[in-house]
Every structure is written in C-alpha cells, then in structure tokens.
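Protein chains: 4
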Amino acid sequence: MPEINVALLGYKFMGKAHSNAYRQVGHFFPSKFTPRLRVICGRDRAAVEAAARQFGWEEVETDWRKVIERKDIDVVDVSTPGHVHAAQAIAAAEAGKHIICEKPLANTLADAQAMLKAVEKAGVKHMLMHNYRKIPAVVFAKRLVEDGKLGDIYHYHGAYLQDWIMDPNFPLVWRLEKKYAGSGALGDIGSHAADLARYLNSEVDSVVGHMTTFIKERPLPGAGAGAWGAKGSQGKGKVTVDDDTNFLARFKNGSAGVFESSRFCGGRRNYNTFQMYGSKGSIAFNLERMNELEFYDRTDPQAEQAYKTIMVTESVHPYVAAWWPPGHIIGYEHTFVHAVHDFLMALEKDTLPSPNFTDGVKNQAILDAVERSAKSGKWEKVKP
Amino acid sequence: MPEINVALLGYKFMGKAHSNAYRQVGHFFPSKFTPRLRVICGRDRAAVEAAARQFGWEEVETDWRKVIERKDIDVVDVSTPGHVHAAQAIAAAEAGKHIICEKPLANTLADAQAMLKAVEKAGVKHMLMHNYRKIPAVVFAKRLVEDGKLGDIYHYHGAYLQDWIMDPNFPLVWRLEKKYAGSGALGDIGSHAADLARYLNSEVDSVVGHMTTFIKERPLPGAGAGAWGAKGSQGKGKVTVDDDTNFLARFKNGSAGVFESSRFCGGRRNYNTFQMYGSKGSIAFNLERMNELEFYDRTDPQAEQAYKTIMVTESVHPYVAAWWPPGHIIGYEHTFVHAVHDFLMALEKDTLPSPNFTDGVKNQAILDAVERSAKSGKWEKVKP
Amino acid sequence: MPEINVALLGYKFMGKAHSNAYRQVGHFFPSKFTPRLRVICGRDRAAVEAAARQFGWEEVETDWRKVIERKDIDVVDVSTPGHVHAAQAIAAAEAGKHIICEKPLANTLADAQAMLKAVEKAGVKHMLMHNYRKIPAVVFAKRLVEDGKLGDIYHYHGAYLQDWIMDPNFPLVWRLEKKYAGSGALGDIGSHAADLARYLNSEVDSVVGHMTTFIKERPLPGAGAGAWGAKGSQGKGKVTVDDDTNFLARFKNGSAGVFESSRFCGGRRNYNTFQMYGSKGSIAFNLERMNELEFYDRTDPQAEQAYKTIMVTESVHPYVAAWWPPGHIIGYEHTFVHAVHDFLMALEKDTLPSPNFTDGVKNQAILDAVERSAKSGKWEKVKP
Amino acid sequence: MPEINVALLGYKFMGKAHSNAYRQVGHFFPSKFTPRLRVICGRDRAAVEAAARQFGWEEVETDWRKVIERKDIDVVDVSTPGHVHAAQAIAAAEAGKHIICEKPLANTLADAQAMLKAVEKAGVKHMLMHNYRKIPAVVFAKRLVEDGKLGDIYHYHGAYLQDWIMDPNFPLVWRLEKKYAGSGALGDIGSHAADLARYLNSEVDSVVGHMTTFIKERPLPGAGAGAWGAKGSQGKGKVTVDDDTNFLARFKNGSAGVFESSRFCGGRRNYNTFQMYGSKGSIAFNLERMNELEFYDRTDPQAEQAYKTIMVTESVHPYVAAWWPPGHIIGYEHTFVHAVHDFLMALEKDTLPSPNFTDGVKNQAILDAVERSAKSGKWEKVKP
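These protein sequence lines are chains A, B, C and D, in that order. Using numbering that gives the first Met the number 0, read the first sequence as starting at 0 and increasing by one per residue. Using numbering that gives the first Met the number 0, read the second sequence as starting at 0 and increasing by one per residue. Using numbering that gives the first Met the number 0, read the third sequence as starting at 0 and increasing by one per residue. Using numbering that gives the first Met the number 0, read the fourth sequence as starting at 0 and increasing by one per residue.
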C-alpha cells in the first residue's frame, strides 16, 4: 500500500487527536493509501519531541516553513491556532501539498477566502476538519434527510454549550484572545453548530445575533501554561472574545433557525446538540451521547408515533461495520479516523474531500454575519 | 366555610380545566373559602348546558353581561378567546367582581393596560392563569433561584414546541385567526415561555425576533367545528397568525436569552421547556415530564458534578403534601387546582394573587416588542 | 342518571384515592350510573369525620357491620388493611352488595379463596383494585401484546422498588406487621408486579424466591401515628415482614420471568417497572413516568430499529380522550378514576369487572408459592 | 522503553480488540514497558495473515504450541474459544510466559482451577480480561463503594441482555455449542454480570437459577462462516447452550442479588447494566451509555435527593486524564487499553494484575453453581 507522508503542524489537543487518526485509520479502514506520520512541528522543541514520542511521529521540526518546503511531504495538517491557519495553508498550497485544516478555517472571512483561492489555484486536495460531520449518527441523520424522511424542514435548533471557563480564575489562554482565536464561543463551538446546520439543513440567508462576555478580565496564564487551563498568576488581562453568542437564522430553504453557543452553561461538558423538524419527521442529537440519534416519524400510526432513540451502532450504519458489533460504542476520536479515511478515499478516487475549504468560507461567512449583526443590532445577510 | 360564588365565561378546553380546579381544590387544599360553581356562560345554549352537567355548574347563561350584573357572583373567570377578554374583564371589574383571567391577558398591549387600570381602579383581586407557574417543579426551581443555588444567571433558554397543526388540512380554527387570537405560536405558547422567564429569571430589556407562517391557507372549519380540529370542508381561508416565532432577549439582570415557540415541531406534544444557567448551578425542565426538575450544582465535588433528575414529588416540595406519597405523580390539571388555591388564599389573607394583571401587561409588552421586531428587523425595547 | 350508593371502609391513603375517583368519574367519563358518596367508615370517629368533610362523603360510621347492613348501599368499597378484607368482603357479599376491594385481596390464599366463593355464591359484582392495570400506557401495552406486536414472549422482568422505610427509625407501622399486612414488600408491591405480569404476559407455573428483612427491629409507633411514618418513641418491636423479596418464574407460555420487590432501594420512590421481550417486539414501562411506554419493533428496518418513548397521551390511547389534549399528562389518581369507570360500565352492561376476585386468588397463589419457596429453598408450583 | 513481546492466540472479535489495545496503550498511557505485537496465531493461515496485516502483527503462526515454545515471547494472550483456554494457558504457564486470558477463564470449574494452579506454580503474571472492570464509570463506582458512599449494601441487580441471535435462522456458530463455548448466555454475558457483582459488591454465597433455550435447532453454518452470523445452509444442528439464564443470589455481605442474562431481549444491543442499593446511596450503570454513572446520595437534603447522571469524563475520573477533555466520550475498545495498561503496570511494579485467574476460578464457581441449580431446582452453594 502506498504511503502518504504527513506533516502535522501543532501538537496539543488537536495534534493528539489527528495523530491518533493517522495511526489508526489503516487498522480499521484498510484502503489503498496508508498515512505515514513523518514529521510533527511546533515552536517548543522539547514539547514537540515529547509529543512525537507519544503520538508516534518519526521526526520533529520547529519551523513550519521548513516542513512545507520538504519534498517528501504529501499532506500538511494544520492543527495550529486560527491566526496562523492562513499563512500556513496558503504556503502549503503553493508548495503543492494536500491540506487538512482544523476548524474554523480562519479567523476572518477574508483569510478564509484567500485560503480557498490558494488551494483552488494549486489544485491540491483540501479538507476542513469539521469532525462532527463524521459521527455515524450525524451521517445517518443526513441520510434520513436525503431520503426525504423529514420532508420539508420547518425549524432547526442548534446549541453547542460547554462550561470549561466558568471559573473566573481560569486564565486568559489563547482561546480567549481575539488576536489568536478570532472569536470565542462563536468561532470555537458555534462554528460547529453552524456547520452541522449547513450539512443537514440548508445554506443560511441571514442572521441576527448577540454576543456577551460575562467575565471581562482574567488572570494571565503563567509561563508554560497549557491551553486547557493551568492557572496563571501574573496579573490580569482583558478577555477579548465572546463567552456566549446566540443567533436567529433564516435558512435559504425557508426554515427558521435558532442557535446557541456558550461556554458558561454549567454541567454541559460538550453539549453539541441539534433538533430538526420537518413535515414528515424530526431528529435530535446530542454529542454527549454521540452513538444515539433520536428520530420521530410522522408517518407512523398515530398511537405509535414517538421519538426513537436509535443506537447508531449497527453494521448498516455509516462507518460502523469497521469497528465493533452492535451496541459496542465508539468515542470522540473515532470521528477523526473517519475524516482521515474519507480524505484517503478522496485521494484514491481523485475527488474533493468533504467538508473542505469551500465549506470553511461559507461557515466563516455565517460567523462574519453574526459578528456584524451583534454590532448593527439588526439582521445581516450572509455574504457572499 | 364561606362559599365563593364563581361564574365561568367559556366552557371548552380551559372551561373544563378551570371547572375541575374549582371542584377539586377544597378536597385537597381545605381552606377558609370554598368555591361554588354557580353559573357557566357561553353563546351556544345546548353546548353550555351539556358542559354545565358534565363539569358540575348549577346554572347556565348565554349572555356574559347578565352574568356580570348578578349580585350573587363573587368571582368572574374569563376563559374565553383573547379578543373578548378586555371587554369582559373590564365590565367585571366595574361590577366589583374579583377576576381570574386566562392567558394571554389580551390580544394587544393597549387592551392589557386598560384591563390592569380597571382592576386597580375597582380594587378587586385579579389573577392571570399562567398555570405553569403552579407546577411543583417550577415553584421548586424558583426556590432554588431565590436561595442563590444558581448564583448569577448567564444564559436562559425557553422553548415551547407543539405539533398539533402540522397537518395542512387542519382547519382554520379561531386560534389561527389574528382577530380572535391576537397571534399564533407567540401568544399561545411563547407567552408561557416568556412568563416563566420573567418568573424565574428577570424582566426583559429588549428582544429581536422573527415570525413565520408555513401553511398560509387552511380549510375553513365546518359549522360546529371545535377548537381542536374537527376538519372543515367549506373552502379555504387565510392563516393570519404565526406558526413559529423565535426571539433573542437581553434580560435586565445581564443574562442572555433565547426563545423558541412553534406549532410545527413534530413529536413535541407539549414541550414547554427551559434551561437556566448560572454561576453556581443550572436547572432544566420539560412539561412533558412535569414531575421532574433537573438540577446541576457547581459546588459539588468535581467527580460528582452532574445533573440530577429530581422527582419533585416529596412532601417538602411545593403543593405536594396535599396530594400523594413520594413518587406518585400528578398531572396537567393539578396546576389549575394550585392556582385556585393560591387565589383563595389571597382572598383569605387579603393580598394580591400572583401572577396577576400586572404580569399580564408585562408579558404582553414582551410579545408586543417581538412583533415590532419581526417587522423592523432589529432589536426592540420592551416597553413600558 | 341513576345513582349508585357507595360505602367506603377505610379513610387513609386508599380512602383518599378511592373517594377522589367516585367524585371525579362522572365529570370525565359520563355514563349511565353516577356514584354517590354515601357513607365512609372507620373506627376513629373524629378522624373519619374529618375525612368525610375533606373527601366529600355524606355520612360517617364507625362500625363496618352496620354499614353493610344498610339497605341503601349498593357498593361496598373495602380499603382497609388486608387482615380484615376477608371478613368485610364476605359479609358484604352475603348482604348482596357489589364490592370493590383494595389489593392484595387477602393476607392468605385461603382467605382469598373464601372471598371469591362468597361473591360468586352471592352473584354480586366484584372488582379488585389493581389500579395500575388502568394506566393508559399499560392498557396500550396490553393492546400491543394482543395485536401480536410482541410475537412470542421470551423474557419478562418486573421490578417494583421503593425506599420509604430505609430509615431504621421509621416506626413499626401496620404495614410492617405480618398479622395486619400478611407480608411486606411481597404483598404490598410485589403483588402489583405479579398482577401486571399475569395481565400482560401469562399465568405463572412455578416460582423460586427469597425474602430478606434488613432492619429486624423498629421503634413502636406513637399513639395516633399514621401509616406513613410518624416517628414513635415507645420502645422497639419486631419487624415480621420482608423488606425485599425477589423471585424467578416459569410462565405457562414458556417465557422466563424475573421479579424484584424491595422497599430498600434508595432513590426509587415508586419504581414499578416492567420489560417484556418477544420474538417481534419489546416494551418497557416505569410508573414514575407513567404517561410513557417504550416500544421496540423488530420488524422495523434494521437501521431504524430502536426503542420509542411513546407519550401515551393521544386521543387514540386508552382513556385519554376523556382528559386533555396530547402531551398534557395525567397522574396517579387517574388510575382509580379509570377503574371506577370500568366498574360502572360493568354494572351498566351487566358484565364482570376486571380485574376481580378471581385475579385476586390467582395473584395470592403466586405470593403463596413465593413464600413457600422462600422456606423450602426450591421451586414451588403456583396452585391451584 | 523496554519492549514486551506479545503473542496473540486468536484473531477474530477479541483478537481485534486486544490488538488495538497493544498498539494504542503507549500512545495514551506511556509507561516503562511497551508491547510489541510479535506474532499472531490461528489455524487458517490466510485469515491470520490478513489479520496480521490489518491489526499490525509482525509474524504469523498456525500452531499455537510453536508460539508458546518461542523464547522471544514474554506474554501469551489467549483470545480463543473457551474450550482451548486450559490447554493453551497451562502450556504457556509451563513455558514461563505471562498470560492475558479472555473470559470466561474456562468452560468448566475444574479447568479453571487447573489453570490457576499452573500459573501459580509457574510464578507468572496472569490477567483475566474482564474488560468491563476497566470502564472509568465502573472504576469510579468501585471508588464510591470503597469510600462508603453507598453504606451497607442491600440489593444488587445485574442484567446483561443482548439480541443478536433472536433470528431463528441465525446459524449454529461455536458460541451456541456447549463443547466449544461451555454455556450460552450464562458464560458469555452472565459471567460479566457476575464478575461486576463480585468486583463491586461481594462474593456470592449461593444461587438458584433457571436456564432456557428458546430456539432448539439452528442452521449449520456454511464453510467459512464467521462467529457473528454468516448464514449457513447445510441442514440443522442442535443448540446445546442456554439462550436465557437468570438467577437469584445471596451475597456473603448479606445483600440480595438478582441476575438476568439473555440473548433474546429485542432492542438490547449490549445492555450490560447494574443497579446497587445501599443504606447511604445507590448507583446504576448501563454499558450502552458507558461514559455515564447514575448516583443517588441519601445524605443529600430531602428536597434535592435524586439520581445524578454523572458524565465520567473528568480528568479526576479513573483513566480519563489520558484521553480527552471533559465530555469527549470514549468507547468500547478503550476498556482493553486500560486493561493492558494495568497489566503493564503490574509488570513494572511486580504485582499481580487484577482481575486474574483467581477471579476466573471464583467466577466459574458461580456459573457452576447456577448450572447445578438449574438441574437440581434448588439453591446451590458456590464452592469452593
């Protein structure tokens, strides 16, 4: 099986998840191409070397430009904070590398558009790691929608709620600074909710939203503090992103949309949920129980109409046959394995992976309209 | 025990529920005053006579003005469609009657304000039948909030979803005509969601919303068709109310609000839900499981932090001791019994019942702002 | 509408629930006969008078034999502790009264058989108040079974778990004394589980069980202590009934049965549950969410096979049309209203109500076999 | 890091799961020892070679005795059907290999005892792969029990229900033949339920049970049919194991036990559940939602007593810190990773892994007593 040489930029939470996907994909989804974990890159050499050892990478690099220059690299995986996505992805495209990029594609719509232009010009494969599209229950939901089981869609609600920064002493990590993260709840988790809505329902015509920051100052992280909350002690800094962003949407298919994203909802650890209501059926999903999909079929006999809690763990469900027998659940990291499998299949069949940078631009356009609306106080068109 | 002579205007769904409350209250909540079901009133004599027999009323009347003129009536219960509330309640107030009025208080803010003015001028007791405030789980939620168990509130989501008019052949009953009902999903069920938010969280500063009508024409109801869907056959008429209304809110306490109301959410039979997130705790409720309240306490040890599903059926919970032992659940109509009990206690103690017409005006002001916003496309202040 | 004159023996928990049923039935299920709450009977005159006032009975009596002698009584309702059921029911039968009797029918199989013989000899109507058979979800479950939706039954699990006597200081009320209650968890709640199994599945061929008493001594109740736990202070007495009884069953239809009953399962307030598994489908029920029935249909397409949570609140579901619109739930006491309605319909149609004393004997035969097995340590036939 | 050379006997369902664990453990739980996937063994060379490629093994062997003779193997993993466990494990012990053995340890108590004797004599490390002990929620449950959060235990219910052989045309695979599998539901899944009860609650004193086979004949599997159901077509054969086995237990700590195991419970894909009730608290678990643990604390204030649904995905929960942030769930195969990690730590610290062959003997003694009881029709002591 031909090897695909991968270079990974970034080595923390996403680096760990992507590394696992490259290692595991061939053991469960054997296909023509096998990823080879060639080089992992980050600025802190000691930390990257530790990551390389643990995650199984052959080599270490501290300068991402050198990585992209290497002739022996086929795929560049951009798993860095959002503010460097554009530079890295555009350079990789210009070097003719295929690209897998973490979401959100960029911190601004302009950057996202430039990235799309670059990959299209270079003719490389590009994938956006909206990994929740790769959950069996979500793909199965998509199949129900496409099979017409929901009929015409009337109402869509997406909510992605977390609680990991509720403590006012949680430090000012990069995800809380606009210059690195672009936005807060909106870009980090609201973007997932928007992406699932585009995937399952329809493009968005216009939005109106509001953004709130509850804790306006936080302790600066100590030297070496990690992204996930080592508590700092060197004074305070200003939080420059939103803690909580909600918006209404008008979808192009005529349905009404309601979106919530918040990092201040206690007890919601990773509550990425949607409910979708159509003339023939409804579905509901919650990432915290990601092996399940609720489905209501209005065409059932009246006395038996009800939400079913489908365990999406049957061999006939998407991706499942590669794993375990019915009822043996899978977890978070499996979504990345599925995504990498899809990417490899796109290479094999010479098609464009999905979702890709086009989705990234469209997603960014929604976030952009929400931010404009939060300032203007009125409905804003999603454009272009 | 002195009797309180009640006259009931209206005899359908709400008439049935209110009648039950008057009959039952003394058997479970014995107090100084006992309601006497004196006279029930409606325009269709045969139908009202049948209702009187079934619901236990002594007399029947077809002209509500005559009822209000009677000297032997202490309380007038207004359970008619919204467009006649104002005339009936104002006349009752002027006649010195205490009033229990179904929600929404009126179809317009101006009417609601006139009604409040009338009862205040007359000095009569007035209650607004937002019965869901009288659910033990909801009152218990209020107690948790007041005890500070939730801390500062960050985020509130209220959704009242139903599905009873999804069939395009469901007829154009009065609830689908603006001239009778004022609005559709917004006034009928969104008003409940708004009331619970005001009760549990805070007054609303401003809103932005959108209203959608999916089925724009419906069959006219046949002669004698009931409110709940006898299918008509005499041509079609225009639906003049909203099927689906959603809005964002800024609460006066600084929290962010998200509201959904829809009659087009398949499988949601009576899905009146809220989730409320604060710095110390969170709660969640669903009317379809109205004997339960979910509660998350951020002050629990980290390893044990989780949502509890509290069965609000203990003798220490509000209203419960009057009913059955723990775990023996109560149902929908019990909320009206509790409301009437509270009304009788207000008579006994000479206090104002809660909620009352002041709440009705404030609720109507929110609905009014949502309607203005749906037209203006921007945030609107809730006023006055 | 002709009145049916009812006399009620007993005035505590069950007296309250039965009284409510007699008062309410005509308001929701109008039929030929209307119950008249003629006389309520208990030994403590002051307490019975208070009950009569609250529950709506016309007269009070302290000697049950006098009640039964009265010519103007049509129905005697036996809601007393189990050790007096036989004497009261047999006397009532001999006096030609129809009888509604609380469960368990008697404390011994011999008593139950004598009671059945008496009512059959007298030719009176007799009903056993296994009220949980009258839950819409349970009757709907029965309908699914009868329609063959479950196919051949393989496995049945019934568990009725509570926790109200876990506190070792809870006093030795009559329900904890064998001479009054016959048995503990077995007769009080296990009998419900057994009755539902007979109703839904099959007669029982044989059983093997074990009975455990965890708290062997308890405080004696103070003078005037109620059945539900006023704490006493006059020394200790021996608990003579089981706290926890479980048994295996072989059903006559070949299915395997597993039963649990316990009053020592913390957090299970009123956890009367069953799961029933057949070749074509499965169902599951929990009394704490008594408006719901879970149903799994093996004939669904594989990808959509799943448990549905049916809200049994549709007008097409048993008893529901008489109450409220879909999604408006009912509670515990409604089961008694349904039972009284069925009783009145049996009078109207001159049929035998169901369940009745024959069911009581068969139920008692199961309990008897469990008790024998707990002593013998082996499987015992249910006889006769 | 020193390598531990592993040989795997068996290459199907369990072979796949164990292989994954050896590959993954070092990437998430770095420790002194790293497993090296040296050789995989099975009788069908082509199939084993395919497995080796997919699962990542260096070499292939078809004769297990040759594998065991190899000097370069440190650990022999026995993942074959039960009837060869004893021969393989005893030979491996005699060759001085450490052993990881799939459950049940053997098909008979005598075999299990011989295996234990062999490993003890040889002084090798031995582990029994009761992988469900390695679920974070289960280990956390154990911690709650050990911390006294449940108090004295009164009642334990374990049920492991599946439905994968309900189709009468499902073929007679080895798991349905006594000579290979020892027993059916009892040994395959009931043994898991018994193991969890021993782990969490107490040793078992005595049991009474019944075993049922609903489908007594099945199609013979075609040549090359797999374990999981390729449908055969060469006549029919007799099913010699139980489809459904239930038993009552008396635990040595005085608590009452109820156990169900069945492969005929439609809709229960992998429903390994337990509920455990003590004087201070209760817990409940369901493998289908294996990232959650329900916990009820009787010491909470009365109004707040309720089951919590704890997401056992916090860094303070067992094993979790090695994986992902809170709310990012793990799946079935992670349990094997944890087990292998524990095994490696036992090597590092020179302690005995847990569970091990002693647990296997004790578990087998329970199964043996259940089988004896199913024949004798009475309670049987678990011995020795």
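By construction, the Cβ of each residue, glycine as well, lies at the ideal position given by its N, Cα and C atoms. Because the structure is a prediction, the values reported are computed rather than measured.
At a cut-off of 9 Å between beta-carbon atoms, C:Cys100 makes no contact with chain D.
The three-state secondary structure of A:Gln274, taken from DSSP, is strand.
DSSP lists no bridge partner for A:Glu68. In terms of Cβ geometry, B:Asn269 and C:Gly265 do not form a close pair [threshold 9 Å].
Burial is judged here by how many other beta carbons sit within 10 angstroms of a residue's own beta carbon; D:Ser30 has fewer than 16 and is exposed.
For C:Thr350, the number of other beta carbons within 10 angstroms of its own is below 16, and it is reported as exposed.
Listed in chain order, the positions of the segment 299-328 of chain A with a beta carbon within less than 9 Å of a beta carbon of chain B are Gln304, Ala305 and Tyr306. Bounds of any alpha helix (DSSP H) do not take in A:Gly55, whose DSSP letter is neither H nor E. A check of alpha carbon separations from D:Gln87 across D:Glu58, D:Ala117 and D:Asp71 identifies D:Ala117 as the nearest. By alpha-carbon distance to D:Val311, the top candidate from B:Gln301, B:Ala320, B:His84 and B:Val315 is B:Gln301. Ranked by Cα distance from B:Ile39, the options B:Ala345, B:Met210, B:Tyr276 and B:Lys15 are led by B:Lys15. Secondary structure of B:Phe356 (DSSP, three-state): helix.
As computed with DSSP, C:Leu351 is found in no beta bridge at all. Note on geometry: alpha-carbon atoms of A:Ile67 and A:Val75 lie some 7 Å from one another. Excluding sequence positions up to five before and after B:Ser314, its CB lies within less than 6 Å of the CB of Ala320, all in the same chain and listed in chain order. Across the set B:Ser18, B:Met128 and B:Leu36, the C-alpha of B:Leu36 shows the shortest separation from the C-alpha of B:Asn4. Taking CB atoms only, A:His337 has no neighbour in chain D less than 9 Å away. The beta-bridge partner set that DSSP reports for A:Gly256 consists of A:Tyr155 and A:Ala248.
Beta-bridge pairing by DSSP links D:Phe284 to D:Phe273. Under a 10 Å Cβ-count criterion, C:Lys148 is classified as buried, with 16 or more other Cβ atoms of the shown protein chains found around its own Cβ. An exposed status is given to D:Ala109, since fewer than 16 other beta-carbon atoms sit within 10 Å of its beta-carbon. Inter-segment contact for the segment 352-365 of chain C and the segment 359-366 of chain B is absent: fewer than three beta-carbon pairs are separated by less than 8 Å. When secondary structure is reduced to three states using DSSP, C:Met210 falls in the strand class.
Only buried fits A:Pro354, as 16 or more other CB atoms lie within 10 angstroms of its CB. Rounded to the nearest whole angstrom, the C-alpha separation of B:Met114 and B:Glu60 is 23 Å. Sorting C:Ala136, C:Lys141, C:Ile329 and C:Gly183 by C-alpha distance to the C-alpha of C:Tyr159 places C:Gly183 at the top.
Per the C-alpha coordinates, the member of B:Asp71, B:Val172 and B:Asp62 positioned closest to B:Glu2 is B:Asp71. By the CB criterion at 9 Å, C:Phe294 and A:Ala305 fall inside the cutoff.
DSSP, reduced to helix, strand and coil, places B:Glu202 outside both helices and strands of the structure shown, so it counts as coil. For the options D:Phe213, D:Ala193 and D:Ile214, the alpha carbon positioned closest to that of D:Asp204 is the one of D:Ala193.
In the structure shown, C:Pro220 adopts coil according to DSSP, grouped into three states. Chain order gives the chain B residues near C:Glu332 as Trp322, Trp323, His327, Ile329 and Gly330, where near means a beta carbon separation below 9 Å.
In chain order, Ala117 and Ala121 place their CB closer than 8 Å to the CB of B:Glu93, counting only its own chain and leaving out the 5 sequence neighbours on each side.
Note on geometry: alpha-carbon atoms of B:Tyr179 and B:Asp187 lie some 12 Å from one another. Restricting attention to C:Ile164, C:Pro317 and C:Lys235, the CA atom closest to the CA of D:Lys279 is found in C:Ile164. B:His316 and C:Gly95 have their alpha carbons spaced roughly 45 Å apart.
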